[in-house]
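Notes follow the structure.
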Amino acid sequence: MLDRYRLLARVGRGGMGVVWRAHDSLLRRDVAIKVLVSGNDRAVLREARAAARLTHPSIVTVYDVAPSGDNLWIVMELVHESVTLSEMVSRLGPLPAPVVTRIARSLLSALSHAHDKGVLHRDVNPHNVLLASDRVVLIDFGIAAPVGRASSAVAGTPGYIAPERYGGGPHTAAADLWSLGATLYTAMESRPPCVAPDPTADPGPSGLLGRVVGGLLTDDPYSRLSARAALSALASAKDPV
Ligand SMILES: Nc1ncnc2c1ncn2[C@@H]1O[C@H](COP(=O)(O)OP(=O)(O)OP(=O)(O)O)[C@@H](O)[C@H]1O
Numbered sequence: 004m005l006d007r008y009r010l011l012a013r014v015g016r017g018g019m020g021v022v023w024r025a026h027d028s029l030l031r032r033d034v035a036i037k038v039l040v041s042g043n044d045r046a047v048l049r050e051a052r053a054a055a056r057l058t059h060p061s062i063v064t065v066y067d068v069a070p071s072g073d074n075l076w077i078v079m080e081l082v083h084e085s086v087t088l089s090e091m092v093s094r095l096g097p098l099p100a101p102v103v104t105r106i107a108r109s110l111l112s113a114l115s116h117a118h119d120k121g122v123l124h125r126d127v128n129p130h131n132v133l134l135a136s137d138r139v140v141l142i143d144f145g146i147a148a149p150v151g152r153a154s155s156a157v158a159g160t161p162g163y164i165a166p167e168r169y170g171g172g173p174h175t176a177a178a179d180l181w182s183l184g185a186t187l188y189t190a191m192e193s194r195p196p197c198v199a200p201d202p203t204a205d206p207g208p209s210g211l212l213g214r215v216v217g218g219l220l221t222d223d224p225y226s227r228l229s230a231r232a233a234l235s236a237l238a239s240a241k242d243p244v
């Protein structure tokens, strides 16, 4: 089966494995393949099945999962000529509010779709957001977390983990939304929000978008802004030209 895919060039490396641009010789199209070291295949499969249920322009489409020797390959849609939000912020610094608003709308809509289908992302952060010229795409949907990072008791990326998770609370849709708030905050301020107990030292971004981001970063998961409320608040915001 794997004769079907030809690995062409490495497009990225993450904590879990290497991502390749590859060619699907049967369907004659380029794809992205993440090569993971086998070990927790059942968990990866379970989550890949969940991710495969999702169909949304801002969620990377999973095409296939296949074992290959000691590895497990996840075949997915290739997001052409994209950079991660994290790379974009390191290159350009804080992004203009209309650009972050567009990113926010896409990601809120993506999370809202996934949550409606009962799928959590579990690791929303600027490394998992791809920016292409015409699209904003969330990658690593539900796949990163079950394999986990051996060193951390709470799955996720430090700085982007909802506060209730540190108290042993479950990962919920609201926890994904806090992580999204932290991701948007980073896009606006070029650093993740301060999680220290003195919020006055870190007033955060201002304006409509700032208030939405603040609402997503609410400590109490029950009072936190929902994806729908955030989307409707942003409906009146200006689009980038
Ligand atoms: N579908 C895709 N299309 C294009 N590039 C991709 C795609 N998926 C991943 N990449 C690139 O590969 C890099 C690593 O991918 P990814 O974040 O999924 O790996 P990872 O091992 O899960 O990383 P981590 O768990 O540390 O976030 C990304 O930063 C991105 O540059």
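Numbering (our numbering), first residue to last: 4 to 244.
Ideal placement from N, C-alpha and C gives every residue a C-beta, glycine not left out.
What does residue i pair with, by DSSP beta-bridge criteria?
i     : result
Met79 : Ala35, Val65
Ala25 : Leu10, Val34
Ser71 : Asn74
Val40 : Asn74
Gly20 : Leu39
Gly15 : Val22
Does the Cβ-Cβ distance between residue i and residue j come in under 9 Å?
i      : j      : result
Tyr163 : Val127 : yes
Leu234 : Leu111 : yes
Thr160 : Val92  : no
Leu98  : Met191 : yes
Ala63  : Leu187 : Looking at the sequence itself, residue 63 is Val, so the reference to Ala does not match. No, these two residues do not count as a Cβ contact at 9 Å.
Ala51  : Val65  : yes
Leu81  : Asp143 : no
Leu133 : Ser209 : no
Name the two residues that bound the continuous beta strand (DSSP E) containing residue i.
i      : result
Leu98  : Segment: none, Leu98 is in no beta strand (DSSP E) and carries neither H nor E.
Val215 : From DSSP, Val215 is part of no beta strand (DSSP E) but of the alpha helix (DSSP H) over 210-219.
Leu134 : 132-134
For the alpha helix (DSSP H) containing residue i, name the first residue and the last one.
i      : result
Val187 : Residue identity check: residue 187 is Leu in the sequence provided, not Val. Here the alpha helix (DSSP H) through Leu187 covers 176-192.
Leu48  : 44-55
Leu1   : Absent from the structure is residue 1, since the part of the chain shown begins at 4 and ends at 244.
Leu234 : 230-237
Tyr225 : Segment: none, Tyr225 is in no alpha helix (DSSP H) and carries neither H nor E.
Among residues of its own chain, excluding the 5 on either side of residue i, which ones have a beta-carbon nearer than 6 Å to its beta-carbon?
i      : result
Glu179 : Just to set this straight, residue 179 is Asp in the shown sequence, not Glu. These residues qualify, in order along the chain: Leu114, Leu123, His124, Val127.
Pro173 : none
Ignore the nearest five residues each way along the sequence and tell me which others in residue i's own chain have a CB closer than 7 Å to its CB.
i     : result
Asp27 : Arg7, Tyr8, Val34
Who are the near neighbours of residue i in its chain, counting only those whose CB is closer than 8 Å to its CB and skipping five residues on each side?
i     : result
Tyr21 : Residue identity differs from the one stated: residue 21 is Val in this sequence, not Tyr. Once the five neighbours on either side are set aside, the close Cβ partners of Val21 are Arg13, Gly15, Lys37, Val38.
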